[in-house]
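What follows is the structure, encoded as structure tokens:
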């Protein structure tokens, strides 16, 4: 610890702060960026300065009415953990208050619940969170809310000139066991739970302090974060802090670490993944003696990559309830088993690894462990069962690898994750039930096994389920929509049927799934076949009533037969459940119902009519194209009518020349939208950008700025938003839901509108896209009421033509055949939108451009660089890793070899050029007709077989190329979707007309259709970005994609 002034035994954290103030060795303890947007402008804070700040905070708090307290008094703290935040917490601690560190990710309802539970009457909030605090205050009458102290309040000459504050008559031994701070659990299994951090728990962390200078990317309100602060202050080694006001991206974190040049980095797998995206991030980690990852499971591939590059990576494992339990940082440097952790010497006597399933063990923390905050079991007495599962290293003693949790969720076919324990627990309490086990892994909907108790010997299955249904209904009301159990998905088992369990009566879930696999599979087969009894034959009106009654049974009330299913809350799970009921009970002839027939019909009236016609043989599946075209024509006519009172003025207007362009951008929180926003911000000629963001549900307190910032951060964009104004808006309203003054300002300023927002849901029918069409109409109406109409650029999709039968490329001109779009509501809605824009231009003189966008892939340098692993192409590529095969083409009969994909940043730049926002020719040739349509696909396509597949092999994937049909057979043969994720879209691939995937792709879509070529001559002429665009297979992009996929596979 070095030379120091007078020393005393440390009982409390505040004692430690005072000791550091009198140490002779005033090594900086903390280093914070000075400026709000700063990364590497560190300000060093030594022990004397830190204690002076804390003393000033205590005096400032006293001035605000916070008198010193002896009894534990809880105060909530909500905000980003910057220096002001930490000093406020330490200042409150000096006065005797217990700071409850509330995660900024919590909703207002959760904060209200936690404060109520802990009887806290005070909330300190960050200066950017005043609206949030106001929302909490509304639900908690009498709550005192104050902003977190500012530096000017605690770093004051007035405070420095007065004697140091000290609480009087402190009993240090009593203070040792007293709460100093409080954190909360993550809430993954329900509402977050408070967890007390005593002075004792903080001082125990001294035992595992690492005597190295450090860099910390975690926030202070994270238990691991606050412990790291404590340890560095104790060990007197400088801790550099990541600026909480700056998004964590590869570039920002790398810059911060490079400047800090620490000996150890404390971080989480997500940040490691960011750093590993480029070599300079890995190089920054290589310079450290150690890199510690905690908070969640680090993927083996990511850790192996870093280790292979010379990074000494280790894991730190613990919980708020237990403190740090295991670490692999203490292993020898030549030990490559970075993912096998060992308990610290002081932890080892109190850590029990109890087998739960073969070699898999649960970690149990025993009574006596000083960092254990709570107990949840008396087996052993006063122990804490973590639910964390580990496997032992085959040869290294006391080395354990984390493999999962007992309460792992059930992942449905659509990717939704069901948490079974709360539902099972509620139903298990019923006296007629001995045991319950939910199932549904890789299935469309969940189900449940009910094991009867001996109290129900004389009830048949129907009577038993009737008795249980109120309890199941209650459990459903407390569960997420996709987790709810329908009556048809309940399997009742006899009282003599054994449920596999341990000696301690814990379910052996994996064994249950194995033992009852046939029974479980049968219930899903029944979803596709009618029941054993006679099928119902009803009139249309009777069917309407029947459908509404079935939704009532599914705990969803539909107001009337014409109420739209989607807007009434019918999610995909409810749609599938109703379809299953129809198949089991309603006569539909020999027809096979589509999986989304409920969505396709849209409401009970249309669905009843469809079912009635199917039974009579007059509504065979596949006869809908004509009706859909009629609907398309109807929607085009409806939304192509505009107020013509200003038509003569519009015709004579000329664009005004202004100092800079002012752009309205929709969809900025989306993938392409974030790239568009980046390009707009980077363009000097853009003076102002208004981001229209869909208004959140009522009761949501996050601001539009926070919503945009959070979204950009999630996509690895750190942008200067000084010329950006995010606005919550509703495009279906003529005013967009904005104030009159804001709308007036926009009408006078706006020069361009880029309309990128559109619902991407391929299960919905065309009728469900009316809000999007209404929104487009509102934007066009807005431009037509401006003195100088803004130029609207509509982001369309090549899906408007992917069912084309023409052998010639699709021209950059209007689509004439309404049968050309893909068969989904999405593709048809885009063509309807094109026609609406075209009519606004032709009939009313609107200024507009339509850009049909093809398959977008992640950019090389900007954004997250991750191609969503659940999209079609990544799922195909995944089969190389899981099955060792890839198709040699994307379909035999469609050619399926030509890929004209474009990188996201190139697409965004092209859009700006085609809209005339950045340099390029005027929209259309001089003296010629204005160019309205552009096709945006890569003019230099590549071969899937000859170029993309070799690129994947060069990137390290090992596989055999087989025919498309053979690949489908291989994917189908491996039934386990967890081992074979490519199977998720098997039905989609098998259902294609010609086994063909569009070579040029769609806008990140998963739709079917033959290979269709698109002419890009006009787009290439106008867009420099498109002219110079690289092919995906050129350079290292394929290798980057593979690396990013491996990080999450």
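Residue numbers (our numbering): 41 to 1089. Cβ coordinates follow ideal geometry from the N, Cα and C atoms, glycine included. Keep in mind the model is a prediction, meaning the values are calculated, not measured.
- With fewer than 16 other CB atoms across the displayed protein chains lying within 10 angstroms of its CB, residue 213 is exposed.
- In the same chain as residue 799, and ignoring 5 residues on each side of it, the C-beta atoms closer than 7 Å to its own belong to 809 and 812, in chain order.
- Per DSSP, the unbroken alpha helix (DSSP H) holding residue 748 starts and ends at 744-754.
- For a cut-off of 8 Å, the C-beta gap from residue 521 to residue 621 is around 17 Å, too long to register as a contact.
- Counting the other Cβ atoms within 10 Å of the Cβ of residue 852 gives 16 or more, which makes it buried.
- Two segments are said to touch when three or more pairs of C-beta atoms, one from each, lie closer than 8 Å; by this definition the stretch 895-902 touches the stretch 938-956.
- Annotation for residue 306: the continuous beta strand (DSSP E) segment containing it runs 304-307.
- With contact defined as three or more Cβ pairs closer than 8 Å, the stretch 278-292 and the stretch 71-88 are in contact.
- For residue 401, the enclosing beta strand (DSSP E) begins and ends at 400-405.
- Considering only 958, 1054 and 387, the residue with the shortest C-alpha distance to residue 844 is 1054.
- If you look at residue 792, you'll find it in the beta strand (DSSP E) that goes 792-795.
- Assignment of residue 425 by DSSP, reduced to helix, strand and coil, places it in the strand class.
- Nearest neighbour of residue 980 by Cα position, chosen from 700, 952, 1069 and 532, turns out to be 1069.
- The stretch 460-476 and the stretch 428-445 do not touch, with fewer than 3 CB-CB distances between them shorter than 8 Å.
- Judged by their CB atoms, residue 494 and residue 535 are nearer to each other than the 7 Å cut-off.
- Closest option to residue 1087, judged by alpha-carbon separation, among 344, 846, 477 and 710: 344.
- Within the same chain, and ignoring the five residues on either side of residue 334 in sequence, the residues whose Cβ sits closer than 6 Å to its Cβ are 264 and 356.
- Inter-residue distance for residue 443 and residue 295 is about 33 Å (C-alpha atoms, whole angstroms).
- For residue 221, the closest of 923, 396 and 260 by C-alpha to C-alpha distance is 260.
- Contact annotation: residue 1072 and residue 1066 have beta-carbon atoms that are not nearer than 7 Å.
- Residue 753 places its beta carbon less than 7 Å from that of residue 287.
- Secondary structure of residue 768 (DSSP, three-state): strand.
- In the DSSP assignment, the residues bridged to residue 116 are 140 and 163.
- Counted as a single uninterrupted DSSP element, the stretch harbouring residue 83 is not any alpha helix (DSSP H) but the beta strand (DSSP E) occupying residues 82-85.
- Within the same chain, Cβ atoms closer than 6 Å to the Cβ of residue 108 are found at 135, 136 and 207, the five residues on either side in sequence being excluded.
- By the Cβ criterion, the stretch 478-489 is in contact with the stretch 510-529, since at least three pairs of Cβ atoms, one from each stretch, lie closer than 8 Å.
- Between the stretch 195-206 and the stretch 90-104, the count of C-beta pairs closer than 8 Å reaches three or more; the two stretches touch.
- Between residue 893 and residue 983, the beta carbon gap of about 22 Å keeps them out of contact (Cβ cut-off 8 Å).
- Membership of residue 49 in any beta strand (DSSP E) is not indicated, and neither H nor E is assigned to it by DSSP.
- The residues 1078, 1079 and 1082, in chain order, have a CB closer than 7 Å to that of residue 995 in the same chain once the five nearest residues on each side in sequence are set aside.
- Residue pairing of residue 440 in beta bridges, as defined by DSSP: 381 and 432.
- With a minimum length of 3 residues, the unbroken runs of beta strand (DSSP E) contained wholly in the stretch 453-540 fall at 473-479, 487-492 and 530-533.
- The DSSP assignment places complete alpha helix (DSSP H) segments of no fewer than 4 residues inside the stretch 148-224 at 148-157, 170-179, 191-194, 197-200 and 212-216, in order along the chain.
- The beta-bridge partner set that DSSP reports for residue 71 consists of 84 and 280.
- CA-CA distance, residue 246 to residue 408, rounds to 17 Å.
- Annotation for residue 702: the continuous beta strand (DSSP E) segment containing it runs 701-706.
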